[in-house]
Amino acid sequence: LEQMGITHHRLTRPLIGLTATPFRGKSTVETERLITRYGSNRVDEGVLGEDPYGRLQDMGILARTDHDVLEGGKLELTSRELDMMSMGRGTLPPDAERRLAEDHSRNRTLIKALLGLDREWPVLVFATSVNHARFLAAVLNDQGVHSASVDSETPTVRRQQIIEQFGKGRIRVLTNYGVLHQGFDAPATRVVVVARPTYSPNVYQQMIGRGLRGPRNNGTERCLILNVSDNVINHQQQLAFTDFEQMWRES
147 LEQMGITHHR LTRPLIGLTA TPFRGKSTVE TERLITRYGS NRVDEGVLGE
197 DPYGRLQDMG ILARTDHDVL EGGKLELTSR ELDMMSMGRG TLPPDAERRL
247 AEDHSRNRTL IKALLGLDRE WPVLVFATSV NHARFLAAVL NDQGVHSASV
297 DSETPTVRRQ QIIEQFGKGR IRVLTNYGVL HQGFDAPATR VVVVARPTYS
347 PNVYQQMIGR GLRGPRNNGT ERCLILNVSD NVINHQQQLA FTDFEQMWRE
397 S
């Protein structure tokens, strides 16, 4: 920024920041710091009225959202995992995610919901672990639903091929763990399933954003957001999807 002539005391040219997530997690202090960086001057305030989500849906920029919640599993964190969560993690520690992914009752509920969706709908699933993503894709394929999984261990070329096939409708359900919440474009996505417990509003918004393109944005008229509500009995923080009630509006 200094090379552009912008410092805390000098501004030689206009500075405009563009972001889809104008906040820093749930930290008021960090969000205020971000706002201050741009002179506390938000040029978008009031432009879309009191209900910006609804206005963008009416304009066809965002898809209208349907919302449903699946009962998840019950999990107790270890003292070490609680310490990790106290540092502001947006997702559960890996060992906790793996235990939750092995919950048979939770998996039966999730698979039943996936099999009950319209057979023409492209579905994107954010799974609970690498093995969970692979497991769900394998079970769905066994049930006659063409599915595939990607994760950080998937070779880049293979990952690109799978994503391309999903975009063309050749793969109906694409499961993933930790790789498709950003830098991924599939505007025809009709359902987004969030089966990875997520506490960060930023990360959650990036996840569901994969399915929120409206018809004027080369997307769909409607998108179903399917959240899995897990009960971490010794961690009181609410899952991030509870912060987005304004999006689950009747339309």
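Positions in the sequence shown are counted from 1; adding 146 to them yields our numbering.
Ideal placement from N, C-alpha and C gives every residue a C-beta, glycine not left out.
Source: prediction; values computed, not measured.
Beta strand (DSSP E) segment containing residue i, residue limits
{"i": "E217", "result": "R210 to L221"}
{"i": "L370", "result": "R368 to V378"}
{"i": "V349", "result": "Per DSSP, V349 belongs to no beta strand (DSSP E); it is in the alpha helix (DSSP H), P347 to I354."}
Alpha carbon of residue i to alpha carbon of residue j, nearest angstrom
{"i": "N364", "j": "S293", "result": "23 Å"}
{"i": "D214", "j": "R179", "result": "35 Å"}
{"i": "V340", "j": "R245", "result": "17 Å"}
{"i": "I317", "j": "L164", "result": "33 Å"}
{"i": "R362", "j": "I379", "result": "43 Å"}
{"i": "R280", "j": "M205", "result": "38 Å"}
{"i": "S298", "j": "R305", "result": "9 Å"}
{"i": "M230", "j": "D197", "result": "36 Å"}
{"i": "V175", "j": "I181", "result": "10 Å"}
{"i": "E310", "j": "Q328", "result": "16 Å"}
{"i": "L326", "j": "V271", "result": "9 Å"}
{"i": "D190", "j": "L370", "result": "27 Å"}
{"i": "V291", "j": "G195", "result": "42 Å"}
{"i": "L202", "j": "M393", "result": "11 Å"}
{"i": "H278", "j": "V303", "result": "22 Å"}
{"i": "T388", "j": "V296", "result": "27 Å"}
{"i": "G200", "j": "R210", "result": "8 Å"}
{"i": "F390", "j": "N373", "result": "12 Å"}
Endpoints, alpha helix (DSSP H) assigned at residue i
{"i": "D241", "result": "P240 to A247"}
{"i": "S186", "result": "Note, S186: premise wrong, no alpha helix (DSSP H); not H, not E."}
{"i": "L228", "result": "S225 to M231"}
Three-state secondary structure (DSSP) of residue i
{"i": "V175", "result": "helix"}
{"i": "R201", "result": "helix"}
{"i": "T182", "result": "helix"}
{"i": "T335", "result": "coil"}
{"i": "R342", "result": "coil"}
{"i": "T165", "result": "coil"}
{"i": "R235", "result": "coil"}
Test item: CB-CB of residue i and residue j under 7 Å
{"i": "Y350", "j": "V276", "result": "no"}
{"i": "L208", "j": "G360", "result": "yes"}
{"i": "T321", "j": "L385", "result": "no"}
{"i": "T274", "j": "A242", "result": "no"}
{"i": "K220", "j": "N377", "result": "yes"}
{"i": "G355", "j": "A332", "result": "no"}
{"i": "S375", "j": "G218", "result": "yes"}
{"i": "G315", "j": "T335", "result": "no"}
{"i": "V338", "j": "L286", "result": "no"}
Short CB-CB distance (under 7 Å) between residue i and chain C
{"i": "V189", "result": "This model lacks chain C altogether; it includes just one protein chain."}
Distance cut-off 6 Å: residue i Cβ against heavy atoms of the ligand GDP
{"i": "Q306", "result": "With respect to the ligand GDP, the structure shown offers nothing to examine, as it has no ligands at all."}
Beta strand (DSSP E) runs contained entirely in the stretch 244 to 324, provided each spans 3 or more residues: 269 to 272, 293 to 297 and 319 to 323
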